[in-house]
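Top line first, the protein sequences correspond to chains X and R. Residue 149 is where the first sequence starts when you use the working numbering, and the numbers rise one by one after that. Residue 104 is where the second sequence starts when you use the working numbering, and the numbers rise one by one after that. Inspection log for the structure reproduced underneath, given as structure tokens.
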Amino acid sequence: MKWLRNSIEVFIYELKCALLDEGVVVFFVIVPLLYPVLYAYLYSNENVREVATLAIDNCNTQLSREFLRRADATGDIEIVGHCAEMEEAKELINQHQAYCIIYIPKDFEKNIVEFRQSTVELYADMGSIMYYKGVLSGCTEVSLDMNNEIKAQRLPGATEEQISTFQYPIKYEYVPLTNTQSGFATFIIPGVLMMIIQQTMILGVGMMAGEEREKNRRHEAQPHIIGKNPVEMLFGKASAIFLIYVLVATYVACIVPVLFNLAHIWHWQTLLAFMLPYVLSCTFFSIIISAFAHDRESFIIMFVFVSIPLLFASGISWPGSNVPTFWKGFSWLFPSTFGVNGFVRISEMGATLNDVQHELSALWIQIVAYGIIAYLVCKRTYGKHLWE
Amino acid sequence: MSSISQVYEISKREVKRLAARPIYTFCMVIAPVAAFLFFTTLMGEGLPTELPAGVVDEDNTSVTREVIRNLDAFQQTNIIEHFPDVASARKAIQQGKIYSFYYIPKGTTRDAISGKQPTVSFYTTGSYLVAGSLAYRDMKMMSELAAAGIGRETLYAKGYTEDQAMAVLQPIKMEMHAINNPLINYSVYLSNILLPGVLMLLIMQVTIYAIYVELKEETSKEWLDLAGNDIVKALIGKLLPHVVIWFIMGIFCFSILYEWWKFPLHSGIGPMLLALLMLINAALGFGIFLCGMLPSLRWALSLATLWGVLSFPISGFSFPQIAFPAPLKALSWLFPLRNYYLIYVDQALNGRPMYYSWINWAVMIAFLGLPIMVLGRLKKFLLEYHYTH
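Structure follows, in structure tokens:
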């Protein structure tokens, strides 16, 4: 059982290295602890409510005032001012006092009375798409209600059902399946959580490898390496990282969603059976990537920026079906692509292992492939110690 | 030696250093170019099209098949599969095959003709928010059209003209004007900030690295010597080549955004180039500030990383700041990218006169003042501190 003893020795040494190095602790502990909290707090309102909107009421009749009153009453819109004309409203938008305009033309009520279609014009500053969505959905809601009432007046004596059938010979119903409030936190945070696991691990492991290489160059003794073969090195190293990240993943994937009330309708067995391969795949992957670490710090500046493209390539934001083939292939190299999609579906949709088969198989393929490459990396890095 | 020649000597030394290490080539050229190309090719469509959707058509009549054909013809919807029942379609969503499906129950056509007002439904997932909301838009529109189609037919039969029919069916209609981004191109929102944002992140980190690596390799005294121990000259000389390189990368970024993709540039390129220069300098200033505040490369880099990555959500280009908790609204002033984003909205997107965002320009200039606060400390570190391994 010499190999086991050797591996345990490496395991303990690596664990110490990681937890006593303040630079590594930042990535292994502080960032995973802090970042989810920051994100959850940032998006704690989930939705944009009460978008500041200006009203231009050129009609100024009871009907037009009613429209504006109801628009103001929706959760989406807050009418912050009335303007006499477009120029005045545009000036206020330039001054960032409001983001949208509801423009009611002069003949608004006249058209309705005379059985012509009436138009309400909406304008939105496109600095954010949420302004556009807010004013459009608020006003659409109001117009649907008012349309039904107008029709009811036009069909005197008709029952509500008759009016409704006239309006909608076929009714429709919208059933939002998951993230039913279209909340921003619910949408983006699960992806960010999986990204945090992978990226902090890559940075921390890279820093450890950089440290090792710096010590080598200074010819400092690294007793744990002497007399170990690459398999023992890999096994000890990987299990140290894996152990730390099982704890990190427990916090990030299980505690954070519960703490911040994000969707977590997973079956714990499913989550466990998915997260363990994810963490393992990340472990081998980060050991491979750490081969590029020449020194402690250069590694950080080379890999941090990758997080942002990776989050987009995972398909959580820009739909995965529309990621170009080349970038899709690129994204498949990273465990996070599968981690993000699997975790989102398990935690938000209650997907079973069968439902995430594709992602799970990909992770296991990565584990085998990256395990072998990680072994080769260890052989190259530590092999010579055996001969010396 | 005159100040100018001192600065020139230090710049020359820095150019050699930059050329000698592959890490600079990677972080200052390869990484930004790769990131720019990534985002612009990823979102080349502008708005995602042909999103995979499903159908459960239990009725299967010529009318429902027509509805499905029409839905499929919508730009954002691509019907890839017919499912026998709602349960299996839901499963397909769970498996990530589709983002939405449309359900037409048995007897819909018959009931519609006999005035029994049947109900169809559509299901979308909000977990993939962009895909889900685009699918929602198409399916809602299809449902409205299907209902209106039948309603119109009834009215035409009674002798109504098209205008009259629409006035009866939809007395009030909404007309939406998306100011300066009429096609609602998502890439306009995202790329305009993501690209300069990646640049900013790299600038902060490279600045810190370039300064601290002098400490680590014990060359900081030699560097300051060249400047006659004047930290201001030392920094200017060292970082001048950086500014030039970053500015060239920024111009490359702008040529992708405003030349290649022809994104809105209503202010003309002038104010945006100024904003770019401000962003570069703010990131440099922030980097120097962190170096002076934190006497360790790893801490300065870690904080820059945290700050840099947090810049993206907190700048509010995707989820707008009006919905942030108040403390974070206040905090966001301290992020160069947030101020850059507000300047961009006023300049490139809307072409407003510059004074409307004077406060953001002022904050950008203030970032340049940050290093002044730590010059003394930084000099002390560089002269006295010994890097501990």
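Glycine included, each C-beta is placed from N, C-alpha and C at the ideal position. Owing to the predicted nature of the structure, the values given are computational and were not obtained by experimental measurement.
Ends of the alpha helix (DSSP H) at residue i?
i: residue 226 of chain X; result: Here residue 226 of chain X belongs to no alpha helix (DSSP H); instead the beta strand (DSSP E) covers 225 to 231.
i: residue 127 of chain R; result: 125 to 128
i: residue 195 of chain X; result: Per DSSP, residue 195 of chain X belongs to no alpha helix (DSSP H) and is neither H nor E.
i: residue 474 of chain R; result: 461 to 487
i: residue 259 of chain X; result: 256 to 261
i: residue 264 of chain R; result: Premise fails: residue 264 of chain R is in no alpha helix (DSSP H) and is neither H nor E.
i: residue 138 of chain R; result: 134 to 145
i: residue 501 of chain X; result: Run containing residue 501 of chain X: none; DSSP gives neither H nor E here.
i: residue 308 of chain X; result: 308 to 315
i: residue 264 of chain X; result: That residue, residue 264 of chain X, is in no alpha helix (DSSP H); it is neither H nor E in DSSP.
i: residue 289 of chain X; result: 277 to 302
i: residue 211 of chain X; result: 210 to 221
i: residue 444 of chain X; result: Unbroken run through residue 444 of chain X: none, as it is neither H nor E.
i: residue 422 of chain X; result: 416 to 437
i: residue 154 of chain X; result: 150 to 168
i: residue 173 of chain R; result: 165 to 176
i: residue 216 of chain R; result: 211 to 216
i: residue 194 of chain R; result: 189 to 197
The beta strand (DSSP E) with residue i in it runs from where to where?
i: residue 247 of chain R; result: Looking at the DSSP string, residue 247 of chain R is not in any beta strand (DSSP E); the run it does join, the alpha helix (DSSP H), is 232 to 260.
i: residue 155 of chain R; result: 154 to 160
i: residue 535 of chain R; result: In the structure displayed, chain R extends from 104 to 492; residue 535 of chain R sits before or after that span and is not available.
i: residue 203 of chain R; result: 203 to 207
i: residue 145 of chain X; result: Lying outside 149 to 536, the shown extent of chain X, residue 145 of chain X is not represented and no answer is given.
i: residue 181 of chain R; result: 180 to 185
Measure the CB-CB distance between residue i and residue j and report whether it falls below 8 Å.
i: residue 452 of chain R; j: residue 283 of chain R; result: yes
i: residue 389 of chain X; j: residue 180 of chain X; result: no
i: residue 159 of chain X; j: residue 384 of chain X; result: yes
i: residue 114 of chain R; j: residue 344 of chain R; result: yes
i: residue 509 of chain X; j: residue 484 of chain X; result: no
i: residue 232 of chain R; j: residue 330 of chain X; result: yes
i: residue 450 of chain R; j: residue 398 of chain R; result: no
i: residue 440 of chain X; j: residue 490 of chain X; result: no
i: residue 271 of chain R; j: residue 258 of chain R; result: yes
i: residue 321 of chain X; j: residue 224 of chain R; result: yes
i: residue 235 of chain R; j: residue 202 of chain R; result: yes
i: residue 172 of chain R; j: residue 171 of chain X; result: no
i: residue 276 of chain X; j: residue 420 of chain R; result: yes
i: residue 243 of chain X; j: residue 459 of chain R; result: yes
i: residue 159 of chain R; j: residue 192 of chain R; result: yes
i: residue 386 of chain X; j: residue 438 of chain X; result: no
i: residue 248 of chain X; j: residue 290 of chain X; result: no
i: residue 292 of chain R; j: residue 446 of chain X; result: no
i: residue 200 of chain X; j: residue 226 of chain X; result: yes
i: residue 281 of chain R; j: residue 499 of chain X; result: no
List, in order along the chain, the chain B residues whose C-beta lies closer than 7 Å to that of residue i?
i: residue 202 of chain X; result: Note that chain B does not occur in the displayed structure, where the protein chains are X and R.
Have a look at the DSSP bridge pairing and note the partners of residue i.
i: residue 270 of chain X; result: X:250 and R:279
i: residue 405 of chain X; result: In DSSP, residue 405 of chain X forms no bridge with anything.
i: residue 225 of chain R; result: X:322 and R:205
i: residue 204 of chain X; result: X:231 and X:251
Item to check | the segment 323 to 335 of chain X touching the segment 415 to 434 of chain X, judged by at least three CB pairs closer than 8 Å | outcome: Note that the segment 323 to 335 of chain X does not touch the segment 415 to 434 of chain X; fewer than 3 beta-carbon pairs, one per stretch, sit closer than 8 Å.
Item to check | In chain order, each alpha helix (DSSP H) run of at least 4 residues that lies wholly inside the segment 317 to 363 of chain R | outcome: Whole alpha helix (DSSP H) segments, 4+ residues: 323 to 329 and 334 to 357.
Next on the checklist: Does the contact criterion of 3 or more C-beta pairs under 8 Å hold for the segment 152 to 163 of chain R versus the segment 175 to 189 of chain R?
Outcome noted: Contact between the segment 152 to 163 of chain R and the segment 175 to 189 of chain R is present: three or more C-beta pairs spanning the two stretches fall below 8 Å.
Checklist entry - Considering only residues of the segment 403 to 459 of chain R, which uninterrupted beta strand (DSSP E) runs meet the minimum length of 3 residues and lie entirely inside it, listed in chain order? => result Uninterrupted beta strand (DSSP E) stretches at least 3 residues long and entirely within the segment 403 to 459 of chain R do not occur.
Next on the checklist: Closer than 8 Å is the cut-off here; do at least three beta carbon pairs connect the segment 296 to 314 of chain R with the segment 339 to 357 of chain R?
Outcome noted: Yes, the segment 296 to 314 of chain R is in contact with the segment 339 to 357 of chain R.
Checklist entry - Okay, do the segment 371 to 389 of chain R and the segment 463 to 471 of chain R touch, 3+ Cβ pairs below 8 Å being the bar? => result Verdict: yes, contact present.
Next on the checklist: Could you tell me which whole alpha helix (DSSP H) segments of length 4 or greater appear in the segment 450 to 488 of chain X?
Outcome noted: Counting whole runs of 4 or more residues, the segment 450 to 488 of chain X contains the alpha helix (DSSP H) stretches 455 to 461 and 473 to 480.
Checklist entry - If you scan the segment 334 to 409 of chain X from start to end, which runs of the beta strand (DSSP E) of 3 or more residues do you find wholly inside it? => result Listed in chain order, there is nothing to give.
Next on the checklist: Taking 8 Å as the cut-off, does the segment 396 to 403 of chain X touch the segment 332 to 352 of chain X (at least 3 CB pairs, one atom from each stretch)?
Outcome noted: With a cut-off of 8 Å, the segment 396 to 403 of chain X and the segment 332 to 352 of chain X count as touching, because enough Cβ pairs lie within range.
Checklist entry - Does the segment 251 to 261 of chain R come close enough to the segment 309 to 320 of chain X to have 3 or more Cβ pairs within less than 8 Å? => result Because the criterion of three Cβ pairs below 8 Å is met, the segment 251 to 261 of chain R and the segment 309 to 320 of chain X touch.
Item to check | At least 3 beta-carbon pairs within less than 8 Å: the segment 402 to 416 of chain X vs the segment 194 to 206 of chain X | outcome: Contact fails: fewer than three Cβ-Cβ distances are below 8 Å.
Checklist entry - Using 8 Å as the threshold, is the segment 398 to 412 of chain X in touch with the segment 170 to 184 of chain X, meaning 3 or more CB pairs across them? => result Taking one beta carbon from each stretch, the segment 398 to 412 of chain X and the segment 170 to 184 of chain X have 3 or more pairs nearer than 8 Å; the two touch.
Checklist entry - Any contact of the segment 241 to 250 of chain R with the segment 259 to 269 of chain X, i.e. 3+ C-beta pairs under 8 Å? => result Contact fails: fewer than three Cβ-Cβ distances are below 8 Å.
Checklist entry - Would you call the segment 353 to 362 of chain R and the segment 123 to 143 of chain R in contact, with 3 or more CB pairs under 8 Å? => result Because the criterion of three Cβ pairs below 8 Å is met, the segment 353 to 362 of chain R and the segment 123 to 143 of chain R touch.
Item to check | Contact between the segment 365 to 377 of chain X and the segment 497 to 516 of chain X (3+ Cβ pairs under 8 Å) | outcome: Because the criterion of three Cβ pairs below 8 Å is not met, the segment 365 to 377 of chain X and the segment 497 to 516 of chain X do not touch.
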